[in-house]
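Peer 1: Residue numbers (our numbering), protein chains in the order written: chain A, -19 to 340; chain B, 1149 to 1224; chain C, 3 to 272.
From the three backbone atoms N, C-alpha and C, an ideal C-beta is built for every residue, glycine too.
Since we're looking at a predicted model, the values are computed, not measured.
The structure under discussion is supplied below as structure tokens; questions concerning it will follow.
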Amino acid sequence: MGELRLMKGNEAVAEAAIRAGCDGYFGYPITPQSEVMEYLMAEKPFERTGMVVLQAESEVAAVNMIYGGAGTGKMVMTSSSSPGISLMQEGISYMAGAELPALIVNIVRGGPGLGTIQPSQADYFQAVKGGGHGDYKMLVLAPASVQEMCDHVKLGFDKAFEYRTPVMILSDGAIGQMMEKVVLFDHIPRRSDDEVVKQCPWASNGRPKTRTHNIITSLDLDPAGQERVNLKLQAKYKVMEQNEVLYEEIQCEDADYLFVAFGLSARICQKATDLARAKGIKVGLFRPITLFPFPAMQVSNVGNRVKGILVVEMNAGQMIEDVKLSVGCKVKIEHFGRFGGIIPSPDEVVRALEQNIIGG
Amino acid sequence: MAKIKGDILINTERCKGCEVCLAACPFTVIAMSKEVNSKGYRFAMKVNDDCTGCTNCALVCPDGVITVYRAKVATE
Amino acid sequence: MEEQFAKTEIRKPENIVYKRTDLLVDRPLSYCPGCGHGTAHRMLMEVIEEMDIQDKTIGVSPVGCSVLAYDFLDIDMIGAAHGRAPALATAIKRMWPNHFVFTYQGDGDLAAIGTAETIHACNRGENITIIFINNGIYGMTGGQMAPTTLPGMRSSTSPYGRDVPTMGHPLKITELISHLPGVYYVTRQAVHTPSHVRKTKKALRKAFELQKENKGLCFIEIVSNCNSGWKMTPVQSNKWMEENMFPFYELGDIKVDGKLIEKKEAPVKE
């Protein structure tokens, strides 16, 4: 078993980055995720592992720094919160287009606009449906605990390199700020430059005389060429849909009703499940862990066995669209959400189940 | 006696006819063709034997189409 | 095409004194006839070839006319988003500190949309080389007004000339960044005549040598023409550049060895 520590979610992200062998973190302060860079600067991994940590002049610069680093085959990441992630959409789209591996952590806060610094899940659409311009997807991981904040960093880097794609961890201000015990995985050494060159033959990191030059770009002025790029991306997303779906089912076997929730909402629904069962309501919880690829088949299988589904999100109803597309229209599906930084209580979730699904 | 003599070779297919090399040549060795290359550009060409191989034309050619030669040749 | 003057006896491989460097990809450049980009590309590649650092050089190309620079420069390249090249270069250099990293950017890219990235990379003193091609116009998008368009100069978005009271002043970003302590070497050059080309190449060489010594950021502005955007012939555009651009964007060194040059060199007359 690895090292056991009590940590904030944001700190777990930072520690996991060091342990995963990350080559560079580039970020910009924004509440409620600033602890990521603060932790890194205090830990000084540049002295221990050689990992670069740099405070950029903006989120725009930060995301383009990871675009540059990723283009050379290095393992790079950034983190931010909603308004900052909006600014990063340019770089994310470019990285998706240029097929570059990178990790982007979004510690979501309430919006729109400057919104609030309190937790929210209102960036689901932005994360899952593209966000920036053009037809692209990111692999999106939704941790529900500090442990998963840690583990998803490692998983995210693995998948980013496996698929040459940007990966997003879509968390929120509560998971980022809350402290829980976490089992840290063991240190993985950073790759040497030679290993980077070997692992990433596509990367632009200096052309030896033995090969032609590498070009990292998202541009193809020839429409036929650009269509080929798009077809390649879509084929990649199909493979991800087949192979990378992650989800969790809690007390679904005998359930008459179902909560579907991700991240923090799933934690709340877990408690709500217990409260409802104590009242004699047989409810289960389906928790998508990957939001893209969405566990469409799996939620459909469970969802079509129950009498009604309550999708609980800290937004005005975003993931519910994917649940409805997956489950179809035979089962009643309603949304319950609080937004603007309000975290729903398990009691009000149970009430919403009773009123909107069971009584409705 | 030996004398420095130059020569240029112009890749006329790559020439875009910008004429920047004409002004750069101190000995008026280059002029523009009347005919055009396959891209439709009139192209630079060598019109006399006064080239000294100074490389000025090649240096300023934006498309890098000029190769310059220089050698000592015996004079009679 | 038949040449009127047949080749002389000296046209032999051993007598070649100048030829296009092999570090330029053997394909036609996408630039307009007479455009300075081609010459700037060639000088850059000659320096990299002479220093024999192509296996350790990573270039970042911009958005603008030179967006396709990576198709012509036979080294590893990354195409940046508009204005972001210095951000990319920052990360690249920090993670490959023994490599040579440069950005190649136009005036719209570097001095308008990328102003923040430019200034902060300069201010951090990143050990990179920025090559800034200033032709006072957005060439790629069809000749719109740039941050460096001269007062009164016509463009497609200043069709009656740049009106300073409403459109603002041209930005001398090179002078601006020269005052930042992270910047070690700043010079403004041109590539329209042989002597200017030679000076530009010297400046590029110097910048890459300084990069090797981790001296800080080196910034080379090349004032260039845009005959298409300026609606002139290439030769006319070079003359116009000398008469109009050079008095405003004075050629010569601006900062050497980390020290500002008090009196600038007068523009070179051919």
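Among the residues of its own chain, which have a CB less than 6 angstroms from the CB of Met1149(B), if the five just before and after it don't count?
Peer 2: Closer than 6 angstroms at Cβ, skipping near neighbours: Thr1223.
Peer 1: Starting from the beta carbon of Ile18(C), find every residue of chain B whose beta carbon is closer than 8 angstroms, and list them in chain order.
Peer 2: Near Ile18(C) (Cβ distances below 8 angstroms), the residues of chain B are Thr1215, Val1216, Tyr1217.
Peer 1: So, is Thr190(A) buried or exposed, given that buried needs 16 or more other C-beta atoms within 10 angstroms?
Peer 2: Looking at its Cβ environment, which holds fewer than 16 other Cβ atoms inside 10 Å, Thr190(A) is exposed.
Peer 1: Kindly indicate the opening and closing residues of the beta strand (DSSP E) around Gln35(A).
Peer 2: Note, Gln35(A): beta strand (DSSP E), 32 to 35.
Peer 1: Measure how close the beta-carbons of Gln106(A) and Ser245(A) come, nearest whole angstrom, since I'm counting them as under 8 angstroms.
Peer 2: The pair is not a contact, with the Cβ atoms about 17 angstroms apart (cut-off 8 angstroms).
Peer 1: Under a Cβ-count criterion, where at least 16 other Cβ atoms within 10 Å of its own Cβ denotes burial, should Met169(A) be classed as buried or exposed?
Peer 2: In the sequence on display, residue 169(A) carries Pro and not Met. Exposed: under 16 other Cβ atoms inside 10 Å.
Peer 1: Should Leu26(C) be flagged as near chain B, meaning a C-beta pair shorter than 8 angstroms?
Peer 2: Taking Cβ atoms only, chain B reaches closer than 8 angstroms to Leu26(C), which makes this a yes.
Peer 1: Nearest CA to the CA of Ser180(C): which residue from Arg96(C), Asn125(C), His39(C)?
Peer 2: Considering only alpha carbons, the answer is Asn125(C).
Peer 1: For the candidate residues Pro99(C), Leu173(C), Arg156(C), whose alpha-carbon lies nearest to that of Asn216(C)?
Peer 2: Of Pro99(C), Leu173(C), Arg156(C), the residue nearest in Cα terms is Pro99(C).
Peer 1: In terms of residue numbering, what span does the beta strand (DSSP E) encompassing Pro181(A) cover?
Peer 2: Careful: Pro181(A) lies outside any beta strand (DSSP E) and carries neither H nor E.
Peer 1: Taking CB distances under 8 angstroms as the criterion, tell me whether Gly49(A) reaches chain C.
Peer 2: Interface residue, yes.
Peer 1: Answer yes if the stretch 169 to 179 of chain A comes into contact with the stretch 40 to 57 of chain C, meaning at least three C-beta pairs across the two stretches below 8 angstroms, and no otherwise.
Peer 2: Output reads no: the stretch 169 to 179 of chain A does not touch the stretch 40 to 57 of chain C.
Peer 1: What are the residues that DSSP puts in a beta bridge with Glu79(A)?
Peer 2: Answer is none; Glu79(A) lacks a bridge partner.
Peer 1: Compare the Cα-Cα distances from Ile289(A) to each of His193(A), Tyr5(A), Asp236(A), His132(A) and report the closest residue.
Peer 2: If we check each option's Cα against that of Ile289(A), Asp236(A) comes out closest.
Peer 1: What runs of the beta strand (DSSP E), each 3 residues or longer, lie entirely inside the stretch 257 to 333 of chain A?
Peer 2: 263 to 268, 270 to 272, 288 to 293, 312 to 317, all fully within the stretch 257 to 333 of chain A.
Peer 1: If you compare alpha carbons, which of Ile1152(B), Cys1199(B), Tyr1217(B), Gly1165(B) is closest to Cys1209(B)?
Peer 2: Checked all of Ile1152(B), Cys1199(B), Tyr1217(B), Gly1165(B); the closest Cα to Cys1209(B) is Gly1165(B).
Peer 1: If you follow the beta strand (DSSP E) that Thr1215(B) is part of, which residue opens it and which one closes it?
Peer 2: First-last of the beta strand (DSSP E) with Thr1215(B): 1214 to 1222.
Peer 1: List the residues that DSSP assigns as beta-bridge partners of Gln146(C).
Peer 2: Beta-bridge pairing links Gln146(C) to Tyr140(C).
Peer 1: Does DSSP classify Asn125(C) as helix, strand or coil?
Peer 2: Of the three classes helix, strand and coil, the one that applies to Asn125(C) here is helix, per DSSP.
Peer 1: Determine which residues share a DSSP beta bridge with Pro146(A) and list them.
Peer 2: For Pro146(A), which the question treats as bridged, DSSP gives the partners Ala82(A).
Peer 1: Does the beta carbon of Lys312(A) sit closer than 8 angstroms to a beta carbon anywhere in chain C?
Peer 2: No, Lys312(A) lies away from the interface with chain C (no Cβ there is under 8 angstroms from its Cβ).
Peer 1: I'd like to know whether the C-beta atoms of Leu83(A) and Phe137(A) end up nearer to each other than 8 angstroms.
Peer 2: Going by C-beta atoms, Leu83(A) is nearer than 8 angstroms to Phe137(A).
Peer 1: Using 8 angstroms as the Cβ pair cut-off and three pairs as the minimum, do the stretch 320 to 332 of chain A and the stretch 123 to 133 of chain A touch?
Peer 2: These segments do not touch.
Peer 1: Tell me, please, whether the stretch 223 to 240 of chain C touches the stretch 124 to 140 of chain C by the rule of three or more beta-carbon pairs shorter than 8 angstroms.
Peer 2: Because the criterion of three Cβ pairs below 8 angstroms is met, the stretch 223 to 240 of chain C and the stretch 124 to 140 of chain C touch.
Peer 1: Leaving out five residues before and five after Glu4(C) in sequence, what residues of the same chain have Cβ atoms less than 7 angstroms from its Cβ?
Peer 2: Low per-residue confidence applies at Glu4(C): pLDDT is 45, beneath 50, and the placement is therefore not dependable enough to give any value.
Peer 1: Would you mind reading off the limits of the alpha helix (DSSP H) that contains Ile155(A)?
Peer 2: Ile155(A) -> alpha helix (DSSP H) spans 153 to 157.
Peer 1: Across which residues does DSSP place Leu206(C) in a beta bridge pair?
Peer 2: DSSP output for Leu206(C) lists no bridge partner at all.
Peer 1: On a Cα-Cα basis, can you pick out the residue from Thr197(A), Tyr143(A), Ala241(A), Ala204(A) that is closest to Asn223(A)?
Peer 2: Nearest C-alpha to Asn223(A): Tyr143(A).
Peer 1: Look up Leu238(A) in the DSSP assignment and say whether it is helix, strand or coil.
Peer 2: Strand.
Peer 1: With DSSP collapsed to three states, give me the class of Met3(C).
Peer 2: Note that Met3(C) scores 44 on pLDDT, short of 50, meaning its location in the model is unreliable and no value can be drawn from it.
Peer 1: Are the stretch 202 to 209 of chain C and the stretch 107 to 117 of chain C in contact at 8 angstroms, needing three or more beta carbon pairs?
Peer 2: Counting Cβ pairs under 8 angstroms, fewer than three are found: no touch.
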